[in-house]
Amino acid sequence: MGDSREAKRVRNRLMLGNTGLELPLDLDLSRRDVLKAGAYGSLAAFIAACGGTSTSSGTTGITATGGKLTLGSNGSDPNSKAGIQAIVDAFDQANGGTKTTINTVDHGTFQNQISQYLGGTPEDVFTWFSGHRMRFFADKGLVTPIDDVWSAVSSNYTAGFASSVKGNDGHVYAVPTDYYPWAVFYRKDVWAAKGYSVPTNWDDFKALCAKMKSDGLIPIAFADKDGWPAQGTFDILNLRMNGYDFHVNLLTGANGQKWTDPKVTAVFKKWSEITQYYSPAFAGLTWEQGADQLLRKQAGMYLLGLFVSDEFKASGSQADVDQLDFFPFPDLGTSFDAEKALDAPIDVYMVSKKSPTLSGDLGQAKAFMEFLAKGSTQVLYWQHAPGSIPTASDADTSQYPPLTKKAVQIVSAAQKITQYFDRDSRPDFAGPNGMQGFLLKFLSNPSADTTGLQSQMQSFWDSLPPE
Amino acid sequence: MANTTRTAPARALGSPEAGALVTTRRRRYTLLTRRDKVLLLLMVGIPLALDIVLIWLPTITSVLLSFTNWDGLSDLTSKNFVGLKNYQFMFTGYTLFWPAFSHNVIWLLWLTFIATPLGILFAVLLDREMRGSRIYQSIFFLPVVLALAVVGLIWELQYTPTDGFINNFLGIAHNSHLIDWLGNPRINLYAILVAASWRHIGYVMILYLAGLKSVDPSLKEAARVDGATEVQTFFNVVLPVMAPINVVVVVVTAIESLRAFDIAFIINQGKNGLELLSILITNNSVSEASLVGFGSAIAVVLLVISLVPIVAFLTRVMRTF
Numbered sequence: 004m005g006d007s008r009e010a011k012r013v014r015n016r017l018m019l020g021n022t023g024l025e026l027p028l029d030l031d032l033s034r035r036d037v038l039k040a041g042a043y044g045s046l047a048a049f050i051a052a053c054g055g056t057s058t059s060s061g062t063t064g065i066t067a068t069g070g071k072l073t074l075g076s077n078g079s080d081p082n083s084k085a086g087i088q089a090i091v092d093a094f095d096q097a098n099g100g101t102k103t104t105i106n107t108v109d110h111g112t113f114q115n116q117i118s119q120y121l122g123g124t125p126e127d128v129f130t131w132f133s134g135h136r137m138r139f140f141a142d143k144g145l146v147t148p149i150d151d152v153w154s155a156v157s158s159n160y161t162a163g164f165a166s167s168v169k170g171n172d173g174h175v176y177a178v179p180t181d182y183y184p185w186a187v188f189y190r191k192d193v194w195a196a197k198g199y200s201v202p203t204n205w206d207d208f209k210a211l212c213a214k215m216k217s218d219g220l221i222p223i224a225f226a227d228k229d230g231w232p233a234q235g236t237f238d239i240l241n242l243r244m245n246g247y248d249f250h251v252n253l254l255t256g257a258n259g260q261k262w263t264d265p266k267v268t269a270v271f272k273k274w275s276e277i278t279q280y281y282s283p284a285f286a287g288l289t290w291e292q293g294a295d296q297l298l299r300k301q302a303g304m305y306l307l308g309l310f311v312s313d314e315f316k317a318s319g320s321q322a323d324v325d326q327l328d329f330f331p332f333p334d335l336g337t338s339f340d341a342e343k344a345l346d347a348p349i350d351v352y353m354v355s356k357k358s359p360t361l362s363g364d365l366g367q368a369k370a371f372m373e374f375l376a377k378g379s380t381q382v383l384y385w386q387h388a389p390g391s392i393p394t395a396s397d398a399d400t401s402q403y404p405p406l407t408k409k410a411v412q413i414v415s416a417a418q419k420i421t422q423y424f425d426r427d428s429r430p431d432f433a434g435p436n437g438m439q440g441f442l443l444k445f446l447s448n449p450s451a452d453t454t455g456l457q458s459q460m461q462s463f464w465d466s467l468p469p470e
Numbered sequence: 380m381a382n383t384t385r386t387a388p389a390r391a392l393g394s395p396e397a398g399a400l401v402t403t404r405r406r407r408y409t410l411l412t413r414r415d416k417v418l419l420l421l422m423v424g425i426p427l428a429l430d431i432v433l434i435w436l437p438t439i440t441s442v443l444l445s446f447t448n449w450d451g452l453s454d455l456t457s458k459n460f461v462g463l464k465n466y467q468f469m470f471t472g473y474t475l476f477w478p479a480f481s482h483n484v485i486w487l488l489w490l491t492f493i494a495t496p497l498g499i500l501f502a503v504l505l506d507r508e509m510r511g512s513r514i515y516q517s518i519f520f521l522p523v524v525l526a527l528a529v530v531g532l533i534w535e536l537q538y539t540p541t542d543g544f545i546n547n548f549l550g551i552a553h554n555s556h557l558i559d560w561l562g563n564p565r566i567n568l569y570a571i572l573v574a575a576s577w578r579h580i581g582y583v584m585i586l587y588l589a590g591l592k593s594v595d596p597s598l599k600e601a602a603r604v605d606g607a608t609e610v611q612t613f614f615n616v617v618l619p620v621m622a623p624i625n626v627v628v629v630v631v632t633a634i635e636s637l638r639a640f641d642i643a644f645i646i647n648q649g650k651n652g653l654e655l656l657s658i659l660i661t662n663n664s665v666s667e668a669s670l671v672g673f674g675s676a677i678a679v680v681l682l683v684i685s686l687v688p689i690v691a692f693l694t695r696v697m698r699t700f
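As they're listed, the protein sequences go chains A and B.
So for the first sequence, my numbering puts the first residue at 4; every next one is plus one.
So for the second sequence, my numbering puts the first residue at 380; every next one is plus one.
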């Protein structure tokens, strides 16, 4: 089963168009520069940039039917791909036969090349993330503000979602379409058979890990080959131990917050108490392989986003999906437990700025954005990718299974919500070059003193150019 | 086209009439017709223009950008100029530079002392026309036709700790002794070096085999008559005769180690023990935030290192003409 999953993943990656994989020395720079020069000089991009600012009242003035539209998508795994296709088909039909072309790019590749993509010749509309990561590109002028669309659809969103799509300049840059909380997942049948109960504090959590280990299970599935999954554990520990404000300051370098702070040392120390319960060879496993360990009853728990349920769904067995449950990360006995803070990243759609076709397609793009803000659209996507909860207030929640209902409930119970490390911090700091590598280094020897590592993190932060 | 221009003067020079020779000497210029000149101009001009636009311009731009902190998106202004700061940080503060540098060196040493000699050995063995040598030849050469990225994917499947072939074959995929071929920073570099060698050996083998086929067999026979052993014949007769091929093989090996990228990038984007200079360039300048200035500085360092084998190769090639 896992083998075929791996093969599928490899096949997906083979389809990613192999961009930039044979870079002869420093020549890659030239090719990009050429592209960039082309984009700067492009008349279409200029027209699009001028046209983007005009606002008109009402929804009819800004949208257009028929015509065509292009969509750049990072939804490369089968569930997302099917979901996006379903949305697009529905939109094309509802919008007078608009011809929408989807360009799907491997999720990780899309992320790594987003700067070049948006600065080159992007599609009209593209998938992205909210938070700092959205504002970063809005600030660089690579995204078209959509205040007019937002004024038409904002009544369908809560204040939290509304603030998540605002840029630093106060304009709205995105339509939020789904979100998913991070929590500790487990299989109900395994837990019932072994008589485990949900731990609510750190000591219970560790005791449960020890129990699972003696029962021959991997207590905590952990898979960090791709570098980002470990950041979820850092987030939740830092939020519980040092609070939301400290976490946000640390990740954005605000208020002079430094990585060398002893409070960060304490987080690593706490973390090192559970690393002995992680999957063996976790630095060589992908998150899907970690999910397989949970699915195949080899692992007892898995701290991950709700999208782990997509992997259960992909197994093709509804019985397995029904066994999946989760609990919020246990309290650590600090004053910040009450915040109930957690990562609940929001996925969004945005309108690019430099798309060569945008001048002709802006009306269709805005119609698509309005369409995305509908609960019915988002439910359509959710039916294909159940790990993504709709954001619109008018989404039909009656068909949600208990797992989704519970996910909605823990997010609404949280007083503070973060977007995930790599969406809350600047992308160059969070990436493979930065924190992904640093956290892997920490995990390779968790019991070692981390002060040296922390000063490396800080000096890396200090080396980055001003945003 | 090229043929006509070359045969025209040859015919003029080979002409038996003395008078014609005198006129050609006097009218030396006219030896090239107007059409020849245009052709020559095009034949030199087009490659030169391509060379300048595709090689020199980006190289010089890279060098210039390495003194900036440009992000590749906003306008480049004088405020972006940061002097030698990128280089200073690279050599003193950047924790990935020296690991990446040493990984490239290990790569070079591995290919030079393990993979390339193996390729040469296979070539020598196959040159002996033993039974089935065609089949062996095809088998060893097969990986060479694959893109390095595909080689990376194939070996990732072999190495994956729980699902991979190797650990399952060894029967250690599901116990606590399983070997983390990809994630253990102490061994993952060597694991992907095996993958790189898988392809490199075939490459060197074919290069060398082609060279061996052109060695005059009478040299070997003479050596045998003189009582030389197989090993002596190879090191004292064949190897010196093969000097031009040896240079190519050495340069290919050096270049392969310097441009090593694909396999490590496919496995984990070159982190956690798989850092390489080329990957640092990519991760900095093609990443989400695109630190083009800093990436360029690393590229310049790699360029300087690359110049060593390139210059060695060029002086060698120039000398033979």
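Ideal Cβ positions, reconstructed from N, Cα and C, are used throughout, including at glycine.
It should be emphasised that the depicted structure is a prediction, and the values quoted were computed from it without experimental measurement.
Next item on the list: Flag this pair as touching only if the stretch 330-347 of chain A and the stretch 417-432 of chain A have three or more C-beta atom pairs under 8 Å; answer yes or no.
Entry: Counting Cβ pairs under 8 Å, three or more are found: they touch.
Margin query: Quick check on B:Val-617 - is its C-beta less than 8 Å from some C-beta in chain A?
Written below: No, no contact with chain A.
Notebook entry, point to check: Rounded to a whole number of angstroms, what is the C-alpha to C-alpha distance between A:Ile-87 and B:Ala-643?
Noted result: The alpha-carbon atoms of A:Ile-87 and B:Ala-643 are separated by roughly 32 Å.
Item checked: Between the CA atoms of A:Val-382 and A:Ser-401 - distance to the nearest angstrom -> Between A:Ser-401 and A:Val-382, the C-alpha separation is close to 11 Å.
Next item on the list: Identify the continuous alpha helix (DSSP H) that holds A:Lys-266 and give its terminal residues.
Entry: Start and end: 265-275.
Notebook entry, point to check: Using CA coordinates, which residue listed in B:Leu-659, B:Thr-539, B:Thr-632 and B:Leu-443 is at the minimum distance from B:Trp-477?
Noted result: When C-alpha distances from B:Trp-477 are compared across B:Leu-659, B:Thr-539, B:Thr-632 and B:Leu-443, the shortest belongs to B:Leu-659.
Check: Would B:Pro-540 count as contacting chain A if we go by Cβ distances under 8 Å?
Finding: Contact with chain A is found for B:Pro-540, since one of that chain's Cβ atoms lies less than 8 Å from the residue's Cβ.
Check: Relative to the C-alpha of B:Ile-677, which residue among B:Ile-425, B:Leu-443 and B:Thr-612 is closest?
Finding: Measuring from the Cα of B:Ile-677, the nearest candidate turns out to be B:Leu-443.
Notebook entry, point to check: Quick one: what does DSSP say B:Arg-413 is sitting in, helix, strand or coil?
Noted result: In the structure shown, B:Arg-413 falls within a helical segment according to DSSP collapsed to helix, strand and coil.
Notebook entry, point to check: Which residue from A:Gln-461, A:Ala-213, A:Phe-374 and A:Pro-393 puts its Cα closest to that of A:Thr-161?
Noted result: If we check each option's Cα against that of A:Thr-161, A:Pro-393 comes out closest.
Checklist line | Closer than 8 Å to chain A by CB, B:Trp-477 | finding: Judged by the 8 Å Cβ criterion, B:Trp-477 is not in contact with chain A.
Next item on the list: Quickly, what does DSSP pair A:Ile-221 with across the bridge? List them, please.
Entry: Beta-bridge pairing links A:Ile-221 to A:Ala-302.
Item checked: Sequence-distant residues of its chain with Cβ nearer than 6 Å to B:Gly-562 (five each side left out) -> Excluding sequence neighbours, B:Gly-562 sits near nothing in its chain.
Check: Is the Cβ of B:Thr-474 closer than 8 Å to any Cβ of chain A?
Finding: Judged by the 8 Å Cβ criterion, B:Thr-474 is in contact with chain A.
Checklist line | Nearest residue (CA-CA) to A:Gly-75, options A:Val-354, A:Gly-390 and A:Trp-385 | finding: With distances taken between CA atoms, A:Gly-75 lies nearest to A:Val-354 out of A:Val-354, A:Gly-390 and A:Trp-385.
Notebook entry, point to check: Is A:Val-351 helix, strand or coil when you go by DSSP?
Noted result: Reduced to three states, the DSSP call for A:Val-351 is strand.
Notebook entry, point to check: From the beta carbon of A:Asn-436, is the nearest beta carbon of chain B less than 8 Å away?
Noted result: By this cut-off, A:Asn-436 is an interface position.
Notebook entry, point to check: So with Cβ pairs under 8 Å, would you call A:Lys-228 a contact of chain B?
Noted result: So yes, A:Lys-228 belongs to the interface.
Next item on the list: Go to B:Gly-606, then tell me how far its alpha helix (DSSP H) extends in each direction, as first and last residue.
Entry: Here B:Gly-606 belongs to no alpha helix (DSSP H), and DSSP marks it neither H nor E.
Margin query: So with CB distances below 9 Å, who are the chain B contacts of A:Phe-285?
Written below: Within chain B, the residues near A:Phe-285 are Pro-540, Asp-559 and Gly-562.
Item checked: the stretch 568-584 of chain B contacting the stretch 287-298 of chain A, beta-carbon criterion three pairs below 8 Å -> They do not touch, by the three-pair rule.
Next item on the list: Could you tell me which residues DSSP pairs with A:Ser-76 in its beta bridges?
Entry: Its beta-bridge partners are A:Thr-107.
Note to self: Could you check whether the Cβ of B:Gly-462 sits closer than 8 Å to any Cβ belonging to chain C?
What the structure shows: Here the protein chains are A and B, and chain C is not one of them.
Margin query: In the DSSP assignment, the alpha helix (DSSP H) including A:Leu-254 goes from what residue to what residue?
Written below: A:Leu-254 -> alpha helix (DSSP H) spans 232-255.
Checklist line | Own chain, CB closer than 6 Å to B:Glu-535, minus 5 neighbours either side, in chain order | finding: Ile-646.
Margin query: Let me make sure I understand the geometry here. Which of B:Ile-689, B:Ser-685, B:Phe-673 and B:Lys-416 has the alpha-carbon closest to that of B:Tyr-473?
Written below: Nearest neighbour of B:Tyr-473 by Cα position, chosen from B:Ile-689, B:Ser-685, B:Phe-673 and B:Lys-416, turns out to be B:Phe-673.
Check: Whose CA, out of A:Asp-350, A:Pro-81 and A:Ser-166, lies closest to the CA of A:Gly-319?
Finding: For A:Gly-319, the closest of A:Asp-350, A:Pro-81 and A:Ser-166 by C-alpha to C-alpha distance is A:Pro-81.
Margin query: Looking at the strands, I want to know which residues DSSP matches up with A:Tyr-183.
Written below: DSSP output for A:Tyr-183 lists no bridge partner at all.
Check: Within 10 angstroms of its Cβ, does A:Thr-454 collect 16 or more other Cβ (buried), or is it exposed?
Finding: A:Thr-454 is exposed by the Cβ-count criterion.
Item checked: the stretch 132-145 of chain A in contact with the stretch 170-179 of chain A per 3-pair CB rule at 8 Å -> Judged by Cβ distances under 8 Å, the stretch 132-145 of chain A makes contact with the stretch 170-179 of chain A, as three or more pairs qualify.
Margin query: Could you tell me the alpha carbon to alpha carbon distance between B:Gly-451 and B:Ala-552, rounded to whole angstroms?
Written below: Rounded to the nearest whole angstrom, the C-alpha separation of B:Gly-451 and B:Ala-552 is 45 Å.
Note to self: Strictly under 8 Å for the Cβ-Cβ distance: is A:Lys-356 near chain B by that measure?
What the structure shows: Residue-level contact check: A:Lys-356 does not touch chain B, since none of the beta carbons of chain B fall below 8 Å from its beta carbon.
Margin query: Restricting to Cα atoms, I'd like to know which of A:Asn-241, A:Ala-233, A:Ala-433 and A:Gly-336 is closest to A:Leu-288.
Written below: Nearest C-alpha to A:Leu-288: A:Ala-233.
Next item on the list: Give me whichever residues DSSP pairs with A:Asn-204 in a beta bridge.
Entry: Bridge pairing for A:Asn-204: A:Asp-334 [DSSP].
Check: To which residues does DSSP link A:Lys-71 through a beta bridge?
Finding: Under DSSP, A:Lys-71 takes part in a beta bridge, and its partners are A:Lys-102.
Next item on the list: Please classify B:Asp-559: does DSSP put it in a helix, a strand, or coil?
Entry: Coil at B:Asp-559, not helix or strand.
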